[in-house]
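Undergrad:
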Amino acid sequence: MIELIDTRKVFNVGKPNEFTAVHDVSLCIPSSRVTVLKGPSGSGKTTLLSLVGCMARPTSGRIMLSSVRLHSPLWEFSGGEVSSLPERFLTEIRRHTFGFIFQQYHLIRGLSALENVMLPAYPRGEPYGILKRRAMALLDQFGIGGKAASRMEWLSGGEAQRLAIARALINDPQAIIADEPTAHLDSRLSEELMAILLGLRDQGKTVIIASHDPIVCDSQRVDGVVELRDGRVVSTT
Amino acid sequence: MPGFQKQKYLIDFTLSALLRRKGKNTALVLVYALVVFVLASVLFFTQALRREAALVLAGAPEIVVQRLTAGRHDLIPESYADAIRNIRGVSDVSPRLWGYYYDPVFGANFTLLVPQEFPYGRGNIVIGQGVAEVSRSSIDNILPFWTHEGRLTSFKIAEIFSSDSQLISADLILISEPDFRSLFGLAEGVATNLVLTVKNAKERPIVAAKIKKLLPDTRPIIRDEILRTYDSLFNWRSGILLVVLAGAGLAFIIFAWDKATGLSAEERREIGILKAIGWETSDVILMKFWEGGIISLTSFLSGVLLAYVHVFFTSSFLFEPVLKGWAVIYPEFKLVPFVDAFHIATLFFLTVVPYTLATIVPAWRAAIVDPDAVLRT
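Those protein sequences? They're chains U and B, same order as listed.
The opening position of the first sequence corresponds to residue 1 in this note's numbering, with each subsequent residue numbered one higher.
The opening position of the second sequence corresponds to residue 1001 in this note's numbering, with each subsequent residue numbered one higher.
1) Report back the beta-carbon spacing between Thr-91(U) and Glu-1280(B) to the nearest angstrom; my notes put them in contact at under 8 Å.
2) Thinking just about the alpha-carbon of each residue, which of Trp-1257(B), Ile-1285(B), Ala-1048(B), Ile-1253(B) is nearest to the one in Arg-1268(B)?
3) Please compile the residues from chain U whose C-beta is within a distance smaller than 8 Å of the C-beta of Ser-1016(B).
4) Do you know whose CA, among Ile-1160(B), Gly-1185(B), Arg-1181(B), Phe-1184(B), lies nearest Ile-1173(B)'s CA?
5) If you reduce the DSSP assignment to three classes, tell me which class Pro-1205(B) lands in.
6) Report the neighbours of Asp-1283(B) on chain U: residues whose CB is nearer than 8 Å to its CB, in chain order.
7) Alpha carbon to alpha carbon, how far is Val-1339(B) from Phe-1312(B)?
8) So, at 7 Å on beta carbons, what are the nonlocal neighbours of Leu-155(U) in its own chain, with the 5 sequence-adjacent residues on each side left out?
9) Which residues bound the alpha helix (DSSP H) around Lys-132(U)?
10) For Glu-1177(B) and Ser-1232(B), what's the separation of their Cα atoms in angstroms?
11) Which residues mark the beginning and the end of the beta strand (DSSP E) in which Ser-211(U) is found?
12) Pick out the complete alpha helix (DSSP H) segments inside the stretch 1064–1139 of chain B, 4 residues or longer, and give them in chain order.
13) Measuring alpha carbon to alpha carbon, tell me which of Asp-202(U), Leu-51(U), Gly-39(U), Glu-115(U) ends up nearest Ser-26(U).
14) For Thr-91(U), return the contacting residues in chain B, with the cut-off set at a CB-CB distance below 7 Å.
15) Quick check: what's the CA-CA separation for Ala-1170(B) versus Phe-1319(B)?
16) Whose CA, out of Thr-1356(B), Leu-1347(B), Ala-1276(B), Leu-1010(B), lies closest to the CA of Glu-126(U)?
17) Quick one: which residues of the stretch 1003–1032 of chain B get their C-beta closer than 9 Å to a C-beta of chain U? List them in chain order.
18) Output, in chain order, the set of chain U residues within a Cβ distance shorter than 8 Å of Ile-1294(B).
19) Taking just the CA atoms, how far does Asp-1370(B) sit from Leu-189(U)?
20) Note the first and the last residue of the continuous beta strand (DSSP E) segment covering Val-1352(B).
21) Give, in chain order, every unbroken run of the alpha helix (DSSP H) that is at least 4 residues long and sits entirely within the stretch 1248–1283 of chain B.
22) Using a cut-off of 7 Å between C-beta atoms, extract the partners of Glu-1270(B) located in chain U.
23) Which of the residues in the stretch 140–165 of chain U, read from start to end, lie with their CB under 8 Å from any CB of chain B?
24) By the DSSP assignment, the beta strand (DSSP E) with Arg-95(U) in it spans what residues?
25) Considering only their Cβ atoms, is the gap separating Leu-48(U) from Leu-65(U) smaller than 8 Å?
26) Against chain U, does Asp-1372(B) count as a neighbour if the rule is that its beta carbon must be under 8 Å from one of theirs?
27) Let me check understanding here. Comparing Cα to Cα, which of Val-1029(B), Arg-1050(B), Lys-1006(B), Ala-1187(B) lies closest to Pro-1337(B)?
28) So which residues on chain B does Phe-100(U) lean against when the C-beta distance must stay under 7 Å?
29) Counting only C-beta atoms, is Ala-1366(B) closer than 8 Å to chain U at any point?
30) Tell me, please, which residues DSSP counts as bridged to Cys-54(U).
31) Output the distance between the C-alpha atoms of Ile-1222(B) and Val-1198(B), rounded to the nearest integer angstrom.
32) Listing by chain order, which chain B residues have their CB less than 7 Å from the CB of Ala-56(U)?
33) Kindly list the residues whose CB is nearer than 6 Å to the CB of Arg-1365(B), restricted to its own chain and excluding five residues on each side of it in sequence; keep chain order.
34) Excluding the 5 residues preceding and the 5 following Arg-1382(B) in the sequence, name in chain order all residues of the same chain whose CB lies nearer than 7 Å to its CB.
35) Say whether chain U places a C-beta atom closer than 8 Å to the C-beta of Ile-1344(B).
36) Let me check understanding here. Comparing Cα to Cα, which of Gly-1189(B), Gly-1128(B), Glu-1270(B) lies closest to Ser-1162(B)?
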């Protein structure tokens, strides 16, 4: 479970253009469920996602991750507050716990589909054979195994989207974070994407989606919807 | 070995990143290699020339005494040797005969020298490897010469010698004293100059001063003075070339600094993505370190290698007119390859290290930005 307690995020603190994107949000996101952060543009969805995904630290408040266990030779994490951890540990938690699917996909041009999938695992330094097998299995799972050697820019929109999902899963994270994942997809591909995300939920993964697309927000199969407006939680269902 | 495997992944990613920006990186490597090539060429050339000079002078006498007539070099009477022999500190004095001979057939200038001991007797000569190559002759062949009277005479080649320095073996012919005198028409009792052995290095300037006082029409030349002249001559020549090329070097520094310290929007975006998908700041910096290292090492090695080929295999055809000078080194010869590790190390630390470090700074600045910035692009 991910818990946010009185979380606030202010950008450009102390400057004339100071701006509060998230106002004292307290929220519980349950594990193995699909939670949608819904709201218009500028409502604070993306900022909240980046806070939950350990990409940024809150200006005040706390973020707790329970049921996350990490063991490394120098460090051990067995759940608790993450918002005050140093950058290096935060990166390690992010790498092991979260897989990200970005609105613009953010795949690296010039690299093959296979290399793009393997990229998040490079800092772990695991043997190439094992990593490649896992990446190929993910590409096969999403029906783009035949495109493994193709450069990313040669893929269609739907294939690039599935490639981004495969990349998010390479480190076998407990949670998937998707920012406006259907923004560049037609209805058929959006439905296809939702089916994949719901399938991941069924495999036990926590899925958090920021979106204002009715296909996502109004889906009967999502487990919870958090509505945001002007950086505040308006309703939770 | 996760650490080793991680480095392999980072290098792999770096290489593919370099290939993705082929145009920019190729241009950078070319300009970088060109600058290293120029610097290394000057360095190799002047070093090799200095070494040649040192080799030549290593066998040279400690003091040479010439006679001057009206300020010009003249033949010296052998009787001068007796006067000099009495000076304290002089352990040996001997007259030396040598001169130049221009061979119109081969279009080459040879140096003829009478050694102190010549075992082959009259009618024979010993030639350097270079002379043998130019005249395409071998042992027991006959080499023709025109005497000072315009007669044709010939000598049998008794031996061909090689030397550490091509400067020595390129044009040297050893000949017996009677043959030398008859070839050039030199009377008995005179020599080209006198050579002295003075064991104590500190005594050499004093001995030279005494000779000058005793025999005012002579000019004693100390070996160390010749060495110093060569040194300053080569320093001066390489200095001139470096000044001329300084503009190009400066342009490169500005170009490299701009390329190394500025990241393109594409590179910034990539760093943001890498951070967002779980790369640490240190991973990004390490990747950029490899990138700078690969570019500068490739350029450095190709530049040095090209300079080596340029100097030692093509006789520095690009800089030859400036560095050699038309009257200093004569005739044509090839330099013996010689590389000073200290100079290579200096060049390395002045090019590879600053460039590699310069690439890290902007990468670090881009990598310390919160990865959530990528969500907003």
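C-beta atoms are modelled at their ideal positions from N, C-alpha and C, and glycine is treated no differently.
TA: From the atom records:
1) For the purposes of this step, residue 91(U) is taken as residue 91 along the first sequence, with counting starting at 1. For the purposes of this step, residue 1280(B) is taken as residue 280 along the second sequence, with counting starting at 1. Contact between Thr-91(U) and Glu-1280(B) is confirmed by a C-beta separation of about 5 Å, below the 8 Å threshold.
2) Position 268 of the second sequence, counted from the first residue, corresponds to residue 1268(B). Nearest C-alpha to Arg-1268(B) among Trp-1257(B), Ile-1285(B), Ala-1048(B), Ile-1253(B): Ile-1285(B).
3) Walking along the second sequence from the start, residue 1016(B) turns up at place 16. The answer, in chain order, is Gly-110, Leu-111, Glu-115.
4) As a working mapping, residue 1173(B) is identified with position 173 in the second sequence. Minimum Cα distance to Ile-1173(B) is reached at Ile-1160(B).
5) Within the second sequence, numbered from 1, the residue matching residue 1205(B) stands at position 205. Looking at Pro-1205(B) - three-state DSSP - the assignment turns out to be helix.
6) To locate residue 1283(B), count along the second sequence from 1; it is residue 283. Within 8 Å of the CB of Asp-1283(B), the CB atoms of chain U belong to Tyr-122, Pro-123, in sequence order along the chain.
7) Working through the second sequence from its first residue, we reach residue 1339(B) at position 339. Working through the second sequence from its first residue, we reach residue 1312(B) at position 312. Across the structure, Val-1339(B) and Phe-1312(B) are spaced so that their CA atoms are roughly 10 Å apart.
8) One-based indexing of the first sequence puts residue 155(U) at position 155. The residues are Ala-113, Lys-147, Leu-163.
9) For this step, residue 132(U) is matched to residue 132 along the first sequence. Where Lys-132(U) is concerned, the enclosing alpha helix (DSSP H) stretches over 128–141.
10) As a working mapping, residue 1177(B) is identified with position 177 in the second sequence. As a working mapping, residue 1232(B) is identified with position 232 in the second sequence. Between the C-alpha atoms of Glu-1177(B) and Ser-1232(B) there is a straight-line separation of about 35 Å.
11) As a first step, residue 211(U) must be located in the first sequence, where it is residue number 211. Per DSSP, the continuous beta strand (DSSP E) segment holding Ser-211(U) begins and ends at 206–211.
12) The stretch 1064–1139 of chain B contains these whole alpha helix (DSSP H) runs: 1080–1085, 1129–1135.
13) Taking the first sequence and counting its residues from 1, the one referred to as residue 26(U) is at position 26. It is Leu-51(U).
14) Counting from one through the first sequence, the residue named residue 91(U) turns up at place 91. By Cβ distance, chain B contributes Gly-1278, Glu-1280.
15) Numbered from its first residue, the second sequence carries residue 1170(B) at position 170. Numbered from its first residue, the second sequence carries residue 1319(B) at position 319. In a straight line, the C-alpha of Ala-1170(B) is about 21 Å away from that of Phe-1319(B).
16) Position 126 of the first sequence, counted from the start, is the residue given in the question as residue 126(U). Of all alpha-carbon atoms in Thr-1356(B), Leu-1347(B), Ala-1276(B), Leu-1010(B), the one lying nearest the alpha-carbon of Glu-126(U) is that of Leu-1010(B).
17) The stretch 1003–1032 of chain B vs chain U, Cβ under 9 Å: Gly-1003, Phe-1004, Gln-1005, Lys-1006, Gln-1007, Lys-1008, Tyr-1009, Leu-1010, Asp-1012, Phe-1013, Ser-1016, Ala-1017, Leu-1019, Arg-1020, Arg-1021.
18) The residue given as residue 1294(B) occupies position 294 in the second sequence. Using a Cβ-Cβ cut-off of 8 Å, Ile-1294(B) is close to nothing in chain U; its nearest Cβ partner there is about 17 Å away.
19) Your numbering for residue 189(U) matches position 189 in the first sequence. Your numbering for residue 1370(B) matches position 370 in the second sequence. Take the alpha-carbon of Leu-189(U) and the one of Asp-1370(B): they are about 31 Å apart.
20) Your numbering for residue 1352(B) matches position 352 in the second sequence. Careful: Val-1352(B) lies outside any beta strand (DSSP E), inside the alpha helix (DSSP H) at 1341–1367.
21) Correct list: 1265–1276.
22) Translated into the one-based positions of the second sequence, residue 1270(B) becomes position 270. Think of a sphere of 7 Å around the beta carbon of Glu-1270(B): the chain U residues whose beta carbon falls inside it are Ile-108, in chain order.
23) When C-beta distances to chain B are compared with 8 Å, every residue of the stretch 140–165 of chain U stays at or above that value.
24) Looking up residue 95(U) in the first sequence gives position 95. Element bounds for Arg-95(U): not the beta strand (DSSP E) but the alpha helix (DSSP H), 87–97.
25) Your numbering for residue 65(U) matches position 65 in the first sequence. Your numbering for residue 48(U) matches position 48 in the first sequence. Contact: no.
26) In the second sequence, counting from the first residue as 1, residue 1372(B) sits at position 372. Yes - at least one Cβ of chain U is within 8 Å of the one on Asp-1372(B).
27) Within the second sequence, the letter at position 337 stands for residue 1337(B). Checking every option, the nearest Cα to that of Pro-1337(B) belongs to Arg-1050(B).
28) For the purposes of this step, residue 100(U) is taken as residue 100 along the first sequence, with counting starting at 1. Residues of chain B passing the Cβ test: Ala-1276, Ile-1277.
29) Counting from 1 along the second sequence, the entry for residue 1366(B) is found at position 366. Using a Cβ-Cβ cut-off of 8 Å, Ala-1366(B) does not count as an interface residue toward chain U, since no Cβ of chain U sits closer than that to its own.
30) Mapped onto the first sequence, residue 54(U) falls at position 54. Under the DSSP definition of a beta bridge, Cys-54(U) lacks any partner.
31) As a first step, residue 1222(B) is located in the second sequence; it is residue number 222 there, counting from the start. As a first step, residue 1198(B) is located in the second sequence; it is residue number 198 there, counting from the start. The straight-line gap from Cα to Cα measures roughly 10 Å.
32) Position 56 of the first sequence, counted from the first residue, corresponds to residue 56(U). The contacting residues are Asp-1370, Asp-1372.
33) In the second sequence, the residue the question calls residue 1365(B) occupies position 365. Excluding positions up to five away in sequence, the list is empty.
34) What is shown of chain B runs 1001 to 1377, which leaves residue 1382(B) out entirely.
35) Position 344 of the second sequence, counted from the start, is the residue given in the question as residue 1344(B). At a cut-off of 8 Å between beta-carbon atoms, Ile-1344(B) makes no contact with chain U.
36) Mapped onto the second sequence, residue 1162(B) falls at position 162. When only C-alpha atoms are compared, the closest one is Gly-1128(B).
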